[in-house]
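In my numbering, the protein residues as written are 2 to 335.
Positions of the beta carbon are idealized from the N, C-alpha and C atoms, including for glycine.
On a predicted model such as this, the values are computed, not experimentally measured, just so you know.
Reviewing the structure listed below.
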Amino acid sequence: MLVQLDDIVERLKKGKKFLIIGHIKPDGDDISSVASLTLILRKMGKIAEGCIADHIPWFYQDLEGVSEIKGLEELKGYDYDTSVTVDASEISRIGDGASLLKDGKPDITLDHHRTNVGFGKLDFYDSNYAATAVIVYEIAQKLGIEYDSKLAGINLLGIATDTGFFKYSNTDAKVFRYAANLVEKGANIQKISSAVLEHQTLKELKLFSEMLNTLTVDMDGKLAWAYVSYGMLDRNNCTDDETGGFVGEVRSIYGVEVAILFIEWPKNQVNISFRSKDYIDVSELAVYFGGGGHIRASGCSIKEVDLKETIDKVIKKAREFIIENSHDQFKSTS
Ligand SMILES: [Mn+2]
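Rendered as C-alpha cells:
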C-alpha cells in the first residue's frame, strides 16, 4: 500500500527489531541505504541488521559502514518484528533475501525506481527522489537523528553514486543541500569518489579496450551499443564486477541519445544496461524485456539465450522505440 513518508516514520518508531534488505547486484545507493538505515535505527535504540544476499563489490569494502551489512547465511534464524527493503522495485530484486521474509512480504519498502510495483505492506516510492539514500536521509531528519561521520559518509555514498557524482539530471537543489549537510557532519566525498571512480585495474582496462572493438554507432549517431561476451570476461580473468563504468563511457559519445551495453554473464545469460541522455525514457525499453529502472538508466537480464541473437532482437526494438519517441520529441518542441 502506497503511503506517505510520515506513515513510514511512525511505523519505524513502533518496531523494535529490524531486518533491512537491499537488492542483488548491489550498487552504491543500495549499499548506502541498507547500512544507513541500519545505523539510524540503532541510534534510536533499536536492534537492526542489514542484509544483502549477494556479494558486495570489493571496492566498496573500505568505506566506513559497509562492513555493517551481513550476508544471507549470517542472518538465517535472525528474529525480527519489522522488515524493510530498500532500493528494490519488486520482490525478485532482493534475490534470496526474500527467504528471510516471514510471510513473503516486507513490512516496509523504500524505493525511487519509476518501475516500482509496490510489494510491501507499507510502500513508499517516488521517482522524484534522486536516490533511495535521499529518502533514508529524510527519514533520519524526521526522526531527529544526530549524524556522526560514519553515518554521514555512508549516507552520502548513495546520493553521490546515484547522481553520477552530482552531474545527472536528477541532481536537484535538494541533493546539494543534503550533501552539504552530510559533509558538514564529517562525510568525506574524496574518499567516496576515489573508492567508486578510481579502482580500475589493468585487466579491467584491457577488457574495456576489447569492448571498444565491439562499439557500434547507429541511427545518425543517436544510438550506440557494445557488448562484453563471456569469452572476453573469461580470457581477461574478469567478472561482470569489472564492467560497472562501461555503459557510461558509451553514453558519453557526443550526440548519442541511447547507449546500450550487453554483458554475457554468467554464460548464456545476457544482462543489458540502457542509458539515455536527454529525451528517451529507457525504463520503458527495460520493462519491455522484463526489467526496470529509471528514465535515464535501466536494465534487464535475459536467461538462457544466445548473445548475438539477443543483441539483434534488442537493437531492433531499440531502433523502433527511438524512432517512435524522437517523433514525439520533435512534435512537442516544435
Ligand atoms: Mn537507487
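Should residue i go down as buried or exposed, given a rule of 16 or more other Cβ atoms within 10 Å for buried?
i: Tyr81; result: buried
i: Tyr126; result: buried
i: Asn272; result: buried
i: Pro107; result: buried
i: Met2; result: exposed
i: Gly23; result: buried
i: Asp112; result: buried
i: Ile193; result: buried
i: Ile254; result: exposed
i: Thr202; result: exposed
i: Leu213; result: exposed
i: Gly292; result: buried
So residue i and residue j are in contact, right, with Cβ under 8 Å, and what is the actual spacing, rounded?
i: Ile25; j: Gly96; result: 4 Å
i: Tyr289; j: Lys318; result: 7 Å
i: Leu262; j: Ala227; result: 6 Å
i: Arg252; j: Lys278; result: 6 Å
i: Lys204; j: Asn237; result: 5 Å
i: Leu234; j: Leu206; result: Not a contact, Cβ separation roughly 14 Å.
i: Val176; j: Phe167; result: 7 Å
Given a cut-off of 8 Å, decide if residue j and residue i are closer than it, judged by their beta-carbon atoms.
i: Tyr61; j: Ile21; result: no
i: Glu376; j: Ile323; result: This structure leaves residue 376 out entirely; the chain is present only between 2 and 335.
i: Arg12; j: Ile146; result: no
i: Glu265; j: Val218; result: no
i: Glu305; j: Asn269; result: yes
i: Leu1; j: Ala188; result: Outside the displayed span of the chain (2 to 335) sits residue 1, for which this structure offers no information.
i: Ser84; j: Leu73; result: no
i: Ala174; j: Ala225; result: no
i: Arg297; j: Tyr148; result: no
i: Gly16; j: Lys47; result: yes
i: Ile140; j: Leu6; result: yes
i: Met220; j: Arg94; result: no
So, for residue i: in the same chain, excluding its five sequence neighbours on each side, which residues have a beta-carbon less than 6 Å away from its beta-carbon?
i: Glu65; result: Lys151 and Gly154
i: Ser327; result: none
i: Val137; result: Ser34, Ser37 and Leu38
i: Lys40; result: First, the residue type needs correcting, since residue 40 is Leu and not Lys in the sequence shown. Result list for Leu40: Leu152, in chain order.
i: Gly256; result: Gly222
i: Thr215; result: Ala227 and Tyr228
i: Ile70; result: Val35, Ala36, Gly51 and Ile53
i: Lys186; result: Tyr148 and Ala153
i: Asp241; result: Ile264 and Trp266
i: Ala49; result: Phe19, Thr39, Leu42 and Arg43
i: Ser333; result: In this predicted model, Ser333 has a pLDDT of only 45, less than 50, meaning its place in the structure is not dependable; the value taken from the coordinates is given anyway. Around Ser333: no qualifying Cβ.
Who are the Cβ neighbours of residue i in its own chain at under 8 Å, not counting the five residues just before and after it?
i: Gly294; result: Ser90, His114, Arg115, Thr116, Phe275, Val283, Ser284, Ala287 and Gly300
i: Val4; result: Leu123, Asp124 and Phe125
i: Lys44; result: Ile146, Glu147 and Leu152
Spatial neighbours of residue i within its chain, please: CB distance less than 7 Å, with the 5 preceding and 5 following residues excluded, ordered by chain position.
i: Pro27; result: Ile53, Asp55 and Ile57
i: Asp30; result: Asp88, Ala132, Thr133, Ala134, Gly159, Thr162 and Asp163
i: Asp8; result: Leu123
i: Ile312; result: Tyr228 and Phe263
i: Val10; result: Ile140, Lys143 and Leu144
i: Val248; result: Ala260, Leu262, Ser274 and Arg276
Exercise. Go through the segment 78-105 residue by residue and report every complete run of the alpha helix (DSSP H) that reaches 4 residues or more, in order.
Key: With a minimum length of 4 residues, there is no unbroken run of alpha helix (DSSP H) contained wholly in the segment 78-105.
Quiz item: Counting only runs that start and end within the segment 243-301, where is the beta strand (DSSP E) found for 3 or more residues in a row?
Solution: Along the length of the segment 243-301, whole beta strand (DSSP E) runs at least 3 residues long occupy 259-265 and 270-277, reported in chain order.
Exercise. Would you list, in sequence order, the uninterrupted alpha helix (DSSP H) runs of no fewer than 4 residues that lie entirely inside the segment 130-175?
Key: DSSP runs (the alpha helix (DSSP H)) wholly in the segment 130-175: 133-144 and 150-163.
Exercise. Output the residue ranges of the alpha helix (DSSP H) runs that lie fully inside the segment 169-227 and measure 4 residues or longer, sorted by chain position.
Key: Uninterrupted alpha helix (DSSP H) stretches at least 4 residues long and entirely within the segment 169-227 occur at 174-185, 190-198 and 203-213, given in chain order.
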